[in-house]
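Residue numbers (this note's numbering), protein chains in the order written: chain A, 69 to 395; chain B, 43 to 300.
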Amino acid sequence: MRASLPGDHHGHMIQVEHLTKRYGPTVAVSDVSFEVQKGEVLGFLGPNGAGKTTTMRVITGYLPPTEGKVSVAGFDVLESPIEAKRRTGYLPENPPVYPDMTVSEYLGFVARIKAVPRAEVKKRVEEVSEKCAVTDVRGRQIGKLSKGYRQRVGLAQALIHNPEVLVLDEPTAGLDPKQIIETRELIKNLAGQHTVVLSTHILPEVSKTCQRVVVINRGQVVAVGTPDDLTHHLQGYETVVVTAEGPAAEMIDKLQRVEGVNLVEPRDAAGERLTIELHAERGKDVRPEVARAVVEAGWKLYEIKTTGLSLEEIFLQLTTKDLGEAN
Amino acid sequence: MRNILAIAGKELRAYFHSPIAYVVMTIWAALTGFAFYLHLMVYSEEMFYMQGRGGMGAPPINLNDVIIRPMLEGFLLIVLLFLTPVITMRLFAEEKRSGSIELLLTSPVTDLEIILGKYLGALTLLVSLMVLTFVYVGLLFLYGNPDAKPVIAGALGMLLFGAALLSIGMWISTFSKNQIIAGAVTLAVLLLMYILVWLRGVATGPVGQFIAGLSLGIHIESFAKGVIDVGDLLYYVSVIFLGIFLTARSVDALKGRP
Ligand SMILES: Nc1ncnc2c1ncn2[C@@H]1O[C@H](COP(=O)(O)OP(=O)(O)OP(=O)(O)O)[C@@H](O)[C@H]1O
Ligand SMILES: [Mg+2]
Numbered sequence: 069m070r071a072s073l074p075g076d077h078h079g080h081m082i083q084v085e086h087l088t089k090r091y092g093p094t095v096a097v098s099d100v101s102f103e104v105q106k107g108e109v110l111g112f113l114g115p116n117g118a119g120k121t122t123t124m125r126v127i128t129g130y131l132p133p134t135e136g137k138v139s140v141a142g143f144d145v146l147e148s149p150i151e152a153k154r155r156t157g158y159l160p161e162n163p164p165v166y167p168d169m170t171v172s173e174y175l176g177f178v179a180r181i182k183a184v185p186r187a188e189v190k191k192r193v194e195e196v197s198e199k200c201a202v203t204d205v206r207g208r209q210i211g212k213l214s215k216g217y218r219q220r221v222g223l224a225q226a227l228i229h230n231p232e233v234l235v236l237d238e239p240t241a242g243l244d245p246k247q248i249i250e251t252r253e254l255i256k257n258l259a260g261q262h263t264v265v266l267s268t269h270i271l272p273e274v275s276k277t278c279q280r281v282v283v284i285n286r287g288q289v290v291a292v293g294t295p296d297d298l299t300h301h302l303q304g305y306e307t308v309v310v311t312a313e314g315p316a317a318e319m320i321d322k323l324q325r326v327e328g329v330n331l332v333e334p335r336d337a338a339g340e341r342l343t344i345e346l347h348a349e350r351g352k353d354v355r356p357e358v359a360r361a362v363v364e365a366g367w368k369l370y371e372i373k374t375t376g377l378s379l380e381e382i383f384l385q386l387t388t389k390d391l392g393e394a395n
Numbered sequence: 043m044r045n046i047l048a049i050a051g052k053e054l055r056a057y058f059h060s061p062i063a064y065v066v067m068t069i070w071a072a073l074t075g076f077a078f079y080l081h082l083m084v085y086s087e088e089m090f091y092m093q094g095r096g097g098m099g100a101p102p103i104n105l106n107d108v109i110i111r112p113m114l115e116g117f118l119l120i121v122l123l124f125l126t127p128v129i130t131m132r133l134f135a136e137e138k139r140s141g142s143i144e145l146l147l148t149s150p151v152t153d154l155e156i157i158l159g160k161y162l163g164a165l166t167l168l169v170s171l172m173v174l175t176f177v178y179v180g181l182l183f184l185y186g187n188p189d190a191k192p193v194i195a196g197a198l199g200m201l202l203f204g205a206a207l208l209s210i211g212m213w214i215s216t217f218s219k220n221q222i223i224a225g226a227v228t229l230a231v232l233l234l235m236y237i238l239v240w241l242r243g244v245a246t247g248p249v250g251q252f253i254a255g256l257s258l259g260i261h262i263e264s265f266a267k268g269v270i271d272v273g274d275l276l277y278y279v280s281v282i283f284l285g286i287f288l289t290a291r292s293v294d295a296l297k298g299r300p
């Protein structure tokens, strides 16, 4: 089996081609295609009901595709399910644990059904427990652990057979901020040794952990790229936000005339103090000129900063645009 | 095979780390023990009565006829009908409810390995029940000398009967996330399949007799008499295979319907 591998998947660890998945009349995923390079961390981003879980379930072999082809490490998930599953670690939305087992018992059981050689089971259990920081609770019943620990046990379970591909469905859902940061660190450390696909609807998550993002909405891919790509691609201008104190009309008028500024929009006013948003030509930093204009007029300048379109805004743009089209 | 054993071990662990195994074993031991005691009382009463008449003339009472056979034919089977749903109801329902079915179905094991592993786990619990019963039967061998052949045939029959019930129960447990519902439906189906035997007396046509012949209870009669009938043996083996086959179909359809 191994011999057929090289060249088989052109460095693509996961390949999803024209995947469509229907549940009866409901189309959950429609003609989705993307691939994931070896060692890459891909973010799968979309609002609730977008089809993230469905896509991941097809990749992991839990659900058969209605149409299209999905392969993992060169193995088609329908034709060679066992080979594909051997190379895949999966953390579902809810960690698939047995509450009455202890952490060690559970990881030992998972190791056995994931084809870890008998002699290595104990060692692997220790390794992943260490990696996912569950060593100190290894003798405890999983049902009695906190949500954060249970999530980490779920992650340890996904890693137990050292799979080439890791599929993580909302790995930070329900964790506290400290645990979220730890989990993201852990995932980042996994990159390189493993190919990772993680889903989320929390935007900062992708910019923090992923090299590439697939944005999906209503079962369709609406954008693919690096988090930076997405910001630039969508935004035709630079945004500068100025906070200053002075007469509003005059200030807007004056800023309008600064070279490179196309649009001036007051955003907020607190007494005399205004917050104004400027759209400037792309690639041009208008901040020094803007600052000079404000100071020369004798107004008080409190803050001046550039803001890219936040991922939230991009996301909204992408998904609402799509909604508009769909209706 | 390794996967089957790993899953069977997990199931057994679940039975013995929860009250299920102990409750089932206690009920079984108590009910069968009491029934055994009552039969024994009746037996000694009759013995006493016959000895009082000088023990001559009447045929000697056979331990098999008086104790083992009545128990195999009726009461033990009824107790099994009630206890096996308790054993099987959690098999798939619980995994569906907790979502752990997703772990099993995304692991490099086949559906059949999962099913056989679970079945083997349940079967092992059933065998432990049988072992309990044979403590009582062992007593008979200590104090009397029953014929060994009917005892062995009876044990085999009871095991096959129980194994068939488990197979059907496992199948039904794939349909619900709710263990109680799975258990209740299983009990209803098993009882129905058991009482089909009543048709034998009322049904006149060949169809009625055929349906009566499908009854779970009819086919154990030969075993209880100490005969291993190939047809009856095949009946139970077929029901076991049918249950496993239907479970496989159902698990396949389960994918995507968590
Ligand atoms: N088993 C199912 N049967 C019928 N419809 C389903 C099933 N599972 C999902 N769906 C539908 O498919 C669509 C996609 O669901 P999916 O769970 O993949 O979304 P998601 O992106 O993971 O959402 P979330 O962020 O809420 O987890 C939804 O409209 C959902 O209602
Ligand atoms: Mg989801």
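Every residue, glycine too, gets a C-beta built ideally from N, C-alpha and C. In this text the structure is predicted, and so the values were computed from the model without any measurement.
query = What are the boundary residues of the beta strand (DSSP E) that alanine 338/A is part of?
reply = Locating residue 338/A in the first sequence gives position 270, where the first residue counts as 1. That run of the beta strand (DSSP E) goes 329-338.
request  = Determine the DSSP secondary structure at asparagine 187/B, reduced to helix, strand or coil.
outcome  = As a working note, residue 187/B is residue 145 in the second sequence. The answer is coil: DSSP assigns asparagine 187/B none of H, G, I, E or B.
message = In whole angstroms, give me the CA-to-CA distance for proline 127/B and glutamine 221/B.
response = To locate residue 127/B, count along the second sequence from 1; it is residue 85. To locate residue 221/B, count along the second sequence from 1; it is residue 179. Answer to the nearest angstrom: the Cα atoms are 10 Å apart.
task = For alanine 72/B, write down the residues that DSSP places opposite it in a beta bridge.
result = As a position in the second sequence, residue 72/B is number 30, starting the count at 1. DSSP, once it has assigned bridges, lists no residue as partnering alanine 72/B.
query = Taking C-alpha atoms, which residue in Ala187/A, Glu173/A, Val184/A, Leu223/A lies nearest to valine 196/A?
reply = Numbered from its first residue, the first sequence carries residue 196/A at position 128. Nearest C-alpha to valine 196/A: Leu223/A.
ask   = So, does the CB of isoleucine 150/A fall closer than 7 Å to a CB anywhere in chain B?
value = On the first sequence, residue 150/A is found 82 positions in, with the first residue counted as 1. Yes, contact with chain B.
message = When you compare the CB of serine 45/B with every CB in chain A, is at least one pair closer than 7 Å?
response = Your numbering for residue 45/B matches position 3 in the second sequence. The amino acid occupying residue 45/B in the given sequence is asparagine; serine does not appear at that position. Yes, its Cβ sits closer than 7 Å to a Cβ of chain A.
request  = List the residues of chain B that threonine 128/A touches, going by C-beta distances under 7 Å, in chain order.
outcome  = Here residue 128/A corresponds to residue number 60 of the first sequence, with the count starting at 1. What threonine 128/A touches in chain B: Thr148.
Beta carbon nearer than 7 Å to a non-hydrogen atom of ligand 2 = Lys120/A, Thr121/A, Glu161/A, Asp237/A, Glu238/A, Ser267/A
query = Quick one: is serine 215/B near chain A, going by C-beta distance under 7 Å?
reply = Residue mapping note: residue 215/B aligns to position 173 of the second sequence, counting from 1. Chain A contact via Cβ: absent.
ask   = Cβ of glycine 114/A versus every heavy atom of ligand 1: is any distance shorter than 6 Å?
value = Translated into positions along the first sequence, residue 114/A becomes position 46. It does: the Cβ of glycine 114/A is within 6 Å (strictly closer) of some heavy atom of ligand 1.
inquiry  = Taking CB distances under 7 Å as the criterion, tell me whether aspartate 144/A reaches chain B.
reply    = Here residue 144/A corresponds to residue number 76 of the first sequence, with the count starting at 1. Not closer than 7 Å to any Cβ of chain B, the Cβ of aspartate 144/A fails to qualify, so no.
Sheet register partners of glutamine 221/B (DSSP bridge) = The residue labelled residue 221/B in the question sits at position 179 within the second sequence. In the DSSP output, where bridge partners are listed per residue, glutamine 221/B has none listed.
request  = Indicate the three-state DSSP secondary structure (helix, strand or coil) for alanine 226/B in the structure shown.
outcome  = Residue 226/B sits at position 184 when you count from the first residue of the second sequence. Three-state DSSP puts alanine 226/B in a helix.
task = Could you check the C-alpha separation between histidine 80/A and leucine 234/A for me, to the nearest Å?
result = Counted from its first residue, the first sequence places residue 80/A at position 12. Counted from its first residue, the first sequence places residue 234/A at position 166. So the alpha carbons of these two residues sit roughly 14 Å apart.
query = the segment 54-82 of chain B: which residues have C-beta closer than 8 Å to a C-beta of chain A, in chain order?
reply = Arg55, Ala56, His59, Ser60
task = Can you pull the chain A residues whose beta carbon is under 7 Å from the beta carbon of glutamate 144/B, in chain order?
result = Within the second sequence, the letter at position 102 stands for residue 144/B. Going along chain A in sequence order, the residues near glutamate 144/B (Cβ under 7 Å) are Tyr130, Pro160, Pro164.
key: Contact set for isoleucine 253/B: own chain, Cβ-Cβ below 8 Å, skip 5 residues either direction   = For the purposes of this step, residue 253/B is identified with residue 211 of the second sequence, where counting begins at 1. Cβ within range, chain order: Leu238, Leu241, Ala245.
message = When you compare the segment 303-317 of chain A with the segment 130-142 of chain A, are there three or more beta-carbon pairs, one atom per stretch, that lie closer than 8 Å?
response = no
task = Could you tell me if the beta carbon of threonine 343/A falls within a distance shorter than 6 Å of some heavy atom in ligand 1?
result = Residue 343/A sits at position 275 when you count from the first residue of the first sequence. Threonine 343/A: no, Cβ never under 6 Å from ligand 1.
query = Among Leu213/A, Pro239/A, Ala118/A, which residue has its Cα nearest to the Cα of arginine 252/A?
reply = Here residue 252/A corresponds to residue number 184 of the first sequence, with the count starting at 1. Ranking Leu213/A, Pro239/A, Ala118/A by Cα distance to arginine 252/A puts Pro239/A first.
Helix, strand or coil at arginine 325/A according to DSSP, with G and I counted as helix = Position 257 of the first sequence holds residue 325/A. DSSP places arginine 325/A in coil when its eight states are reduced to three.
Same chain, Cβ closer than 6 Å to leucine 158/B, five either side skipped, listed in chain order = Locating residue 158/B in the second sequence gives position 116, counting from the first residue. Here the set comprises Ile46.
query = For the beta strand (DSSP E) that contains aspartate 237/A, what are its first and last residues?
reply = Indexing the first sequence from 1 puts residue 237/A at position 169. Counting along the chain, the beta strand (DSSP E) containing aspartate 237/A begins and ends at 233-237.
request  = Please determine, among Leu133/B, Val65/B, Leu145/B, Ser140/B, the residue with the shortest C-alpha to C-alpha distance to leucine 162/B.
outcome  = Taking the first residue of the second sequence as position 1, residue 162/B is located at position 120. For leucine 162/B, the nearest C-alpha among the options comes from Leu133/B.
message = On the DSSP letters alone, give me the boundaries of the alpha helix (DSSP H) that isoleucine 246/A sits inside.
response = The residue you call residue 246/A lines up with position 178 of the first sequence. Correcting the residue type first, residue 246/A is lysine in the shown sequence and not isoleucine. Looking at the DSSP string, the run of the alpha helix (DSSP H) that includes lysine 246/A is 245-258.
inquiry  = Beta carbons nearer than 9 Å to chain B: which residues of the segment 180-193 of chain A have them?
reply    = Arg180, Ile181, Lys182, Ala183, Arg186
ask   = By how many angstroms is the C-alpha of proline 61/B removed from the C-alpha of glutamine 225/A?
value = Residue mapping note: residue 225/A aligns to position 157 of the first sequence, counting from 1. Residue mapping note: residue 61/B aligns to position 19 of the second sequence, counting from 1. If I take the Cα positions, the gap works out to 27 Å.
query = Between alanine 295/B and ligand 1, is the CB less than 6 Å from at least one heavy atom?
reply = On the second sequence, residue 295/B is found 253 positions in, with the first residue counted as 1. Outside the cutoff, so no.
ask   = Quick one: is the Cβ of threonine 94/A within less than 6 Å of any heavy atom of ligand 1?
value = Along the first sequence, read from residue 1 onward, the residue named residue 94/A stands at position 26. Correct: threonine 94/A has its Cβ closer than 6 Å to ligand 1.
message = For a cutoff of 7 Å on Cβ pairs, would you count arginine 206/A as touching chain C?
response = Among the protein chains in the structure shown, which are A and B, there is no chain C.
Alpha carbon of alanine 71/A to alpha carbon of glycine 107/A, nearest angstrom = The sequence position of residue 71/A within the first sequence is 3, counting from 1. The sequence position of residue 107/A within the first sequence is 39, counting from 1. Any answer about alanine 71/A is weak, because its pLDDT of 41 lies below 50 and its placement is not dependable; what the coordinates show is given next. Cα to Cα, alanine 71/A sits roughly 21 Å from glycine 107/A.
key: Residue span of the alpha helix (DSSP H) that contains phenylalanine 252/B, given as start and end   = Position 210 of the second sequence holds residue 252/B. Residues 248-255.
ask   = If we call anything under 7 Å between Cβ atoms a contact, is lysine 368/A one with glutamate 313/A?
value = Along the first sequence, read from residue 1 onward, the residue named residue 368/A stands at position 300. Along the first sequence, read from residue 1 onward, the residue named residue 313/A stands at position 245. The answer is yes: Cβ separation under 7 Å.
request  = Return the chain-ordered list of same chain residues with a C-beta closer than 7 Å to the C-beta of aspartate 244/A, the five sequence neighbours on each side being excluded.
outcome  = Within the first sequence, numbered from 1, the residue matching residue 244/A stands at position 176. Contacts found: Gly216.
request  = From the DSSP output, in three-state form, read off isoleucine 228/A for me.
outcome  = One-based indexing of the first sequence puts residue 228/A at position 160. Coil at isoleucine 228/A, not helix or strand.
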